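In what follows, a structure is listed as structure tokens, so that the remarks can point back to it.
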């Protein structure tokens, strides 16, 4: 829910992405997995604290992409290409994801904004744009942590990107009465950096060392156990880079908090029906 713009790079850390199927049957979470929410909140707090120091605020943003690259490189090491190819054939998942992200979400976001943010038109528009921009890659790590279907989740990302670029100007016209172009080169640059680069590196690693036991016994287990570490480091860097701004604009966060929480509650309850 925080957008970081660095030298033309945009990183979307989260809106709503359709979760892939999760099979938790017979699976027992360890202590770290049970404490993930607390660990993430602590990381946010540490990031905000570090952001109050000029040195960290000035340099933290340059660490976001490296941590993301390491996090996703390790994640993609665990995905066999065959599973990814099979995922592209799942029409039901693609259609469900598209409807939720690009029809349901804009309508609910507009309605909540009309109720809670009608006196703050700039925030209303920002709230809508926040929610109608499907996250690009961050949710993959949460899918992995939740033992979800990573190949299926990965396969929907190109569709989200294309539809996002096409429909975002339309949403601006419908909800704000203005037609603005989307910075396509900027979006493509960020997606290439934090999605395709780690994917290609991971695929190359699997190919070069496919007959080596240490890949399966050492490298993959290492990255599997450190995903939460790289995630928290990226979160700390992100909030450190924006910490001063956030703490000096707490009223904006308060105004957005209720409609944002209601959005996720409504979506969760509607999913259970």
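In this note's numbering, the protein residues as written are 39 to 311.
Even for Gly, the Cβ is constructed at its ideal location relative to N, Cα and C.
In this text the structure is predicted, and so the values were computed from the model without any measurement.
**Run of the alpha helix (DSSP H) containing residue 138, from where it starts to where it stops** = Here residue 138 belongs to no alpha helix (DSSP H), and DSSP marks it neither H nor E.
**Prompt:** How is the alpha helix (DSSP H) around residue 275 delimited, first residue to last?
**Reply:** 258-285
**Prompt:** Where residue 146 and residue 124 are concerned, what is the direct C-alpha to C-alpha distance, given to the nearest angstrom?
**Reply:** 32 Å
**Asked** Taking the alpha-carbon positions, what's the residue 290 to residue 90 distance?
**Response** 19 Å
**Request:** Measure how close the beta-carbons of residue 190 and residue 140 come, nearest whole angstrom, since I'm counting them as under 8 Å.
**Result:** That belief does not hold up - the Cβ atoms of residue 190 and residue 140 are roughly 18 Å apart, past 8 Å.
**Item:** Beta-ladder partner(s) of residue 112, from DSSP
**Value:** Note: residue 112 sits in no beta bridge, so no partner.
**Message:** Between the stretch 294-311 and the stretch 91-111, can you find at least three pairs of beta-carbon atoms closer than 8 Å?
**Reply:** no
**Message:** For residue 232, tell me which candidate among 267, 74, 109, 79 has the shortest Cα-Cα distance.
**Reply:** 109
**Message:** Tell me the DSSP secondary structure of residue 62 in three-state form.
**Reply:** The pLDDT assigned to residue 62 is 45, lower than 50, so where the model puts this residue is not dependable; a value taken from the coordinates is nonetheless given after this. Coil at residue 62, not helix or strand.
**Asked** How about residue 277 and residue 82: are their beta carbons less than 7 Å apart?
**Response** yes
**Prompt:** Excluding the five sequence neighbours on either side, which residues of its own chain have a C-beta within less than 6 Å of the C-beta of residue 247, listed in chain order?
**Reply:** 253
**Request:** Put residue 186 into one of helix, strand or coil per three-state DSSP.
**Result:** strand
**Asked** Excluding five sequence neighbours on each side, which residues of the same chain lie with their C-beta closer than 7 Å to the C-beta of residue 269?
**Response** 109, 179
**Request:** Could you tell me if residue 288 is buried or exposed, where buried requires 16 or more neighbouring beta carbons within 10 angstroms of its beta carbon?
**Result:** exposed
**Message:** So for residue 168, helix, strand or coil by DSSP?
**Reply:** helix
**Request:** Kindly indicate which residue of 135, 126, 169 has the alpha-carbon position closest to the one of residue 151.
**Result:** 169
**Item:** Buried versus exposed, by CB contacts within 10 Å (16 or more), residue 133
**Value:** exposed
**Pick from 73, 97, 111, 210 that is closest to residue 258, judged by C-alpha positions** = 111
**Message:** Is it buried or exposed, residue 160, if we count other Cβ atoms within 10 angstroms and call 16 or more buried?
**Reply:** exposed
**Among 243, 127, 74, 162, the one whose alpha carbon lies nearest that of residue 294** = 162
**Item:** Cβ distance (whole Å) where residue 275 is taken to contact residue 99 below 8 Å
**Value:** 7 Å
**Asked** Which whole-angstrom value is the C-beta distance of residue 193 and residue 265, which I expect to be below 8 Å?
**Response** That pair is no contact at about 20 Å.
**Prompt:** Do you know whose CA, among 126, 240, 197, 166, lies nearest residue 213's CA?
**Reply:** 166
**Asked** Does the separation of the CB atoms of residue 115 and residue 240 fall below 7 Å?
**Response** yes
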